[in-house]
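In what follows, a structure is listed as structure tokens, so that the remarks can point back to it.
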Amino acid sequence: MSAPAQNVFRRLFDEIGPVDQVGIEERVAKYTTRSIKKNSKLWGLKAAVSMVDLTTLEGKDTPGKVASLCQKALRPHEDPTIPQVAAVCVYPAMVKHARRALGEDTAVRIASVATAFPSGQAPLRTRLAEVKAAVADGADEIDMVINRGAFLSGEFGEMQDEIAAVVQACGASTLKVILEVSELETYDNIRAASFLAMRVIRPGDFIKTSTGKTTLNATLGNNQVMLEAIRDFYLDTGIPIAMKPAGGIRTAKQALQFLIAVKETLGDEWLNNTRYRFGASSLLNDLLRQLEKERTGAYQAPYYFSEAAESY
Amino acid sequence: MPTLTSIKKRPASRHLGRPTPELIFGDLWEFDPAPETADPRLKARYDLFIGGKFVAPSSGKYFDSINPANETKLAEIAHANAADVDAAYAAAKKAFDTTWGKMPGRERAKYLYRLARLLQDRAREFAVAETLDGGKPIKESRDFDVPMAAAHFFYHAGWADKLDYVAPGRSVAPLGVVGQVIPWNFPLLMLAWKIAPALAMGNTVVLKPAETTSVTALKFAELIQDAGLPPGVVNFVTGFGDTGAAVMGHPTAAKVAFTGSTEVGKIIMRSLAGTDKKMTMELGGKAANIVFDDAPIDQAVEGIINGIFFNQGHVCCAGSRLLVHEPIAERFLAKLKTRIKTLRVGDPIDKNTDIGAINSKEQLATITRLVGVGVKEGAVMFQPACKLPAKGYYFRPTVFSGVSMSHRVAREEIFGPVLSVLTFRTLDEAVEKANNTAYGLSAGVWTDKGSRILKMSTELKAGVVWANTYNKFDPTSPFGGYKESGFGREGGRQGLLDYCKLV
Numbered sequence: 001m002s003a004p005a006q007n008v009f010r011r012l013f014d015e016i017g018p019v020d021q022v023g024i025e026e027r028v029a030k031y032t033t034r035s036i037k038k039n040s041k042l043w044g045l046k047a048a049v050s051m052v053d054l055t056t057l058e059g060k061d062t063p064g065k066v067a068s069l070c071q072k073a074l075r076p077h078e079d080p081t082i083p084q085v086a087a088v089c090v091y092p093a094m095v096k097h098a099r100r101a102l103g104e105d106t107a108v109r110i111a112s113v114a115t116a117f118p119s120g121q122a123p124l125r126t127r128l129a130e131v132k133a134a135v136a137d138g139a140d141e142i143d144m145v146i147n148r149g150a151f152l153s154g155e156f157g158e159m160q161d162e163i164a165a166v167v168q169a170c171g172a173s174t175l176k177v178i179l180e181v182s183e184l185e186t187y188d189n190i191r192a193a194s195f196l197a198m199r200v201i202r203p204g205d206f207i208k209t210s211t212g213k214t215t216l217n218a219t220l221g222n223n224q225v226m227l228e229a230i231r232d233f234y235l236d237t238g239i240p241i242a243m244k245p246a247g248g249i250r251t252a253k254q255a256l257q258f259l260i261a262v263k264e265t266l267g268d269e270w271l272n273n274t275r276y277r278f279g280a281s282s283l284l285n286d287l288l289r290q291l292e293k294e295r296t297g298a299y300q301a302p303y304y305f306s307e308a309a310e311s312y
Numbered sequence: 313m314p315t316l317t318s319i320k321k322r323p324a325s326r327h328l329g330r331p332t333p334e335l336i337f338g339d340l341w342e343f344d345p346a347p348e349t350a351d352p353r354l355k356a357r358y359d360l361f362i363g364g365k366f367v368a369p370s371s372g373k374y375f376d377s378i379n380p381a382n383e384t385k386l387a388e389i390a391h392a393n394a395a396d397v398d399a400a401y402a403a404a405k406k407a408f409d410t411t412w413g414k415m416p417g418r419e420r421a422k423y424l425y426r427l428a429r430l431l432q433d434r435a436r437e438f439a440v441a442e443t444l445d446g447g448k449p450i451k452e453s454r455d456f457d458v459p460m461a462a463a464h465f466f467y468h469a470g471w472a473d474k475l476d477y478v479a480p481g482r483s484v485a486p487l488g489v490v491g492q493v494i495p496w497n498f499p500l501l502m503l504a505w506k507i508a509p510a511l512a513m514g515n516t517v518v519l520k521p522a523e524t525t526s527v528t529a530l531k532f533a534e535l536i537q538d539a540g541l542p543p544g545v546v547n548f549v550t551g552f553g554d555t556g557a558a559v560m561g562h563p564t565a566a567k568v569a570f571t572g573s574t575e576v577g578k579i580i581m582r583s584l585a586g587t588d589k590k591m592t593m594e595l596g597g598k599a600a601n602i603v604f605d606d607a608p609i610d611q612a613v614e615g616i617i618n619g620i621f622f623n624q625g626h627v628c629c630a631g632s633r634l635l636v637h638e639p640i641a642e643r644f645l646a647k648l649k650t651r652i653k654t655l656r657v658g659d660p661i662d663k664n665t666d667i668g669a670i671n672s673k674e675q676l677a678t679i680t681r682l683v684g685v686g687v688k689e690g691a692v693m694f695q696p697a698c699k700l701p702a703k704g705y706y707f708r709p710t711v712f713s714g715v716s717m718s719h720r721v722a723r724e725e726i727f728g729p730v731l732s733v734l735t736f737r738t739l740d741e742a743v744e745k746a747n748n749t750a751y752g753l754s755a756g757v758w759t760d761k762g763s764r765i766l767k768m769s770t771e772l773k774a775g776v777v778w779a780n781t782y783n784k785f786d787p788t789s790p791f792g793g794y795k796e797s798g799f800g801r802e803g804g805r806q807g808l809l810d811y812c813k814l815v
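As they're listed, the protein sequences go chains V and P. Each step along the first sequence adds one to the number in our numbering, with nothing skipped, and position 14 is 14. Here our numbering = 1-based position in the second sequence + 312.
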């Protein structure tokens, strides 16, 4: 790393403040000791269902697979009190198939990973073309990856310019900026990258933890760092940024812990699917299983629930 | 019930027209009650524990132990008089002379291990009893008090057969019978801190728990019976100040150990002046938590919260004075208030409660009085608008800002959930303010700069200095004070040395 790059990191850390790893991990451990029972559990589970971006991101995805995912998104369970999920999340080539399956008049949104997901290692014009194509095919939301190489080498301007270019390419579609936290490695870097991204995106756009394609994805720790960055940015500027942890959240219990973090860090205004999402697939069936357990008093066998995608 | 919000028509810039953005910590997702349901297995009436048996007090008098969370009677506790204390010391002396004092360390270790394991086996039951008796949140008694008490017995069990190595080049011998008086803030844990090193070293014990929190000590007496300790090795005499004075002043005691207020500590020291009794005093504190402008702010806020609101602030090492670097003072205070709004004050037996009940009516009155003084002296008070239960002794977490060193809330130990915020400009000023107190038990330093931590830990006159954390305890780490916070150490090798003579 060259000397000027160190200086830019130093300046940014000085401006936004450091994160203490031990301290933040102690903080989030307290979320896991909260005890959510009865009606509060039902509320949390249903809120979590409504926040799921039901995801399939595999080389073997087909129009048929995407159609069945869309069906699950529209009607996760026969119980009519269980809400629809927030969105389906697919590769750009699958957007038009998802649009056909969901129709035009639906509350379930189509999110598409674009910008040479997951590495982002394609020329900018290629990445922008991919975004525009996905939007043209009907994507309501674009999940982009940041240029981690630019960030780590201290080229913050380049990283931010690219995000700004994707914002332009999105048009009216919502943008989610994936930081890919496992490649940033430290909480300080995650906080820094959150701020850089938030400064160039629009109110209501998201920052997102990870692609789900690396070893370490969303954890309560990196979720907390990003929630605190969103809070600080909101209190300074009034601009509300939304949050999406993705990958690694497989159980209803985990999802409730993430929601407790939201409740205690950002408050009530972030406890809805315009401000908070879960990038997940197997999570949905565990949420449904817990909801059925609350309703019937017994755990149902897995084969009572339709199969979900298994990419995260 | 959440509903899917249509976000297609999201307003482009909701923030416009909102002059000061605020976070809303409301009741959108209210948690249902989640009480811990384990049975505390309490008896209606507890006698004294002398010579391995529960015996009625010679006066026949009992007093009520109250659950501070709802002001109901929990159990009746025996009131020991001087004759009962005599009997306890006689039993302890006999045990020291005939069994415990002669027993090889490796045999004593077996008993200590057994006590630790029995406590772990019944951890949930003890946690519930501790919470009902003292008002502390169940998550603290479950995750801190009981496991830490067991850890102290494990640690000292490990020492019992290695005492030849505790003072290199010297041999150690037990003192005899030790008298111990413990406070009401960590009843079971303070019992463990006192008993475990004394027993490991081969001493026998007469211990008086605090009058508001005797229940877990008497439940622990059941464990002592279950563990098969020789009769008289540990004796519990319950009661008020008169009982405590009899325990401290008894001629049989070779050493006395006291944890409690500086005021009472001074009385004890005066009364024992001229005797050859060894003493350990763990007294009050008014710790400074010092935050520099380069500190990790959110983690520092969390540490300050933990430092002052842990156990409702009933902690002798509570970080009751926040010294914050002027450039960040305003921002820090705002963050602190935001975090306090999310604390859950209420029934201590609820697993989600962060701040429980004040230990007694008397303590609530003391806190209320001192907070009144703070307001009268012109400090700016902040309290969150949380609901408090209708019955029981509760006090809202309180922050005083605009405090100077001459305010009483900055000088006196309040022993409640009350934080005084002061500012400083330079490191020297921070050190001077932190040390400008009669106490010297603990301090906290929050900074990203390692060299500053080392400098501060040298200059702060406090027995413990925590860096970028607070209220961390471990059986291996000695704990104790400077100045009017007392003398002697508890925990670690140093703590053991206070329970032996070098021969």
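Even glycine gets a Cβ: it sits at the ideal position worked out from N, Cα and C.
Determine whether the Cβ of residue i lies closer than 9 Å to any Cβ atom of chain V.
i: A496 (chain P); result: Checking the sequence, you will find Trp at residue 496 (chain P) rather than Ala. Output row for W496 (chain P): interface = no.
i: D786 (chain P); result: no
i: K320 (chain P); result: Legend: pLDDT at K320 (chain P) = 40, less than 50; position of this residue unreliable, no value from coordinates given.
i: F712 (chain P); result: no
i: A607 (chain P); result: yes
i: V341 (chain P); result: Looking at the sequence provided, one finds Trp at residue 341 (chain P) rather than Val. Yes - at least one Cβ of chain V is within 9 Å of the one on W341 (chain P).
i: L316 (chain P); result: Low per-residue confidence applies at L316 (chain P): pLDDT is 47, beneath 50, and the placement is therefore not dependable, though the value from the model is reported in the following sentence. Yes - at least one Cβ of chain V is within 9 Å of the one on L316 (chain P).
i: K451 (chain P); result: yes
i: A641 (chain P); result: no
i: P701 (chain P); result: no
i: D344 (chain P); result: yes
Against chain P, does residue i count as a neighbour if the rule is that its beta carbon must be under 9 Å from one of theirs?
i: R125 (chain V); result: no
i: S194 (chain V); result: no
i: L271 (chain V); result: yes
i: Y39 (chain V); result: Position check: residue 39 (chain V) holds Asn in this sequence, whereas Tyr was assumed. Cβ-Cβ to chain P under 9 Å: yes for N39 (chain V).
i: G238 (chain V); result: yes
i: K263 (chain V); result: yes
i: T33 (chain V); result: yes
i: Y304 (chain V); result: no
Output needed for residue i: all residues of its chain with C-beta closer than 6 Å, excluding positions within five of it in sequence on either side, in chain order.
i: W496 (chain P); result: A522, T524, T525 and N671
i: N222 (chain V); result: V181, I190 and T209
i: A462 (chain P); result: A428, L431 and Q432
i: F466 (chain P); result: A428
i: Q806 (chain P); result: P790
i: F552 (chain P); result: E523
i: I640 (chain P); result: D605
What would DSSP say about residue i, mapped onto helix, strand or coil?
i: Y312 (chain V); result: Reliability of the predicted coordinates at Y312 (chain V) is poor, the pLDDT of 48 falling under 50, and the value obtained from them is presented with this limitation in mind. Coil.
i: M243 (chain V); result: strand
i: V196 (chain V); result: Note that residue 196 (chain V) is Leu in the sequence shown, not Val. Three-state result, L196 (chain V): helix.
i: M513 (chain P); result: coil
i: I389 (chain P); result: strand
i: Q492 (chain P); result: strand
i: D662 (chain P); result: strand
i: F456 (chain P); result: helix
i: S377 (chain P); result: strand
Does chain C have any CB closer than 9 Å to the CB of residue i?
i: P18 (chain V); result: No chain C appears in this structure, whose protein chains are V and P.
Cutting at 8 Å between CB atoms, please list the residues of its own chain near residue i, excluding the five before and the five after it.
i: M198 (chain V); result: I207, A229, I230, F233, I239 and I241
i: V815 (chain P); result: R482, S483, V484 and A485
Could you name the residues of the same chain whose beta carbon sits closer than 7 Å to that of residue i, not counting the 5 residues immediately before and after it, in chain order?
i: L508 (chain P); result: The sequence given here has Ala at residue 508 (chain P), not Leu. Closer than 7 Å at the Cβ level, and outside the excluded window around A508 (chain P), lie L424, H464, F465 and H468.
i: M502 (chain P); result: I494, P495 and T571
i: L335 (chain P); result: T650
i: L316 (chain P); result: The predicted position of L316 (chain P) is uncertain, since its pLDDT is 47 and thus under 50; a value taken from the coordinates is nonetheless stated next. Excluding sequence neighbours, L316 (chain P) sits near nothing in its chain.
Inter-stretch contact (C-beta, 8 Å, three-pair minimum) for the stretch 589-602 of chain P and the stretch 690-706 of chain P: Result no; under three Cβ-Cβ pairs closer than 8 Å.
Length-filtered (3 minimum) beta strand (DSSP E) runs lying within the stretch 712-780 of chain P: If we require 3 residues or more, the beta strand (DSSP E) runs fully inside the stretch 712-780 of chain P come out as 730-736, 754-758 and 776-779.
Entirely enclosed beta strand (DSSP E) segments - the stretch 31-80 of chain V, minimum 3 residues: 52-55
Contact the stretch 648-666 of chain P vs the stretch 243-250 of chain V: 3+ CB pairs below 8 Å: no
Three CB pairs or more closer than 8 Å across the stretch 258-267 of chain V and the stretch 9-21 of chain V: no
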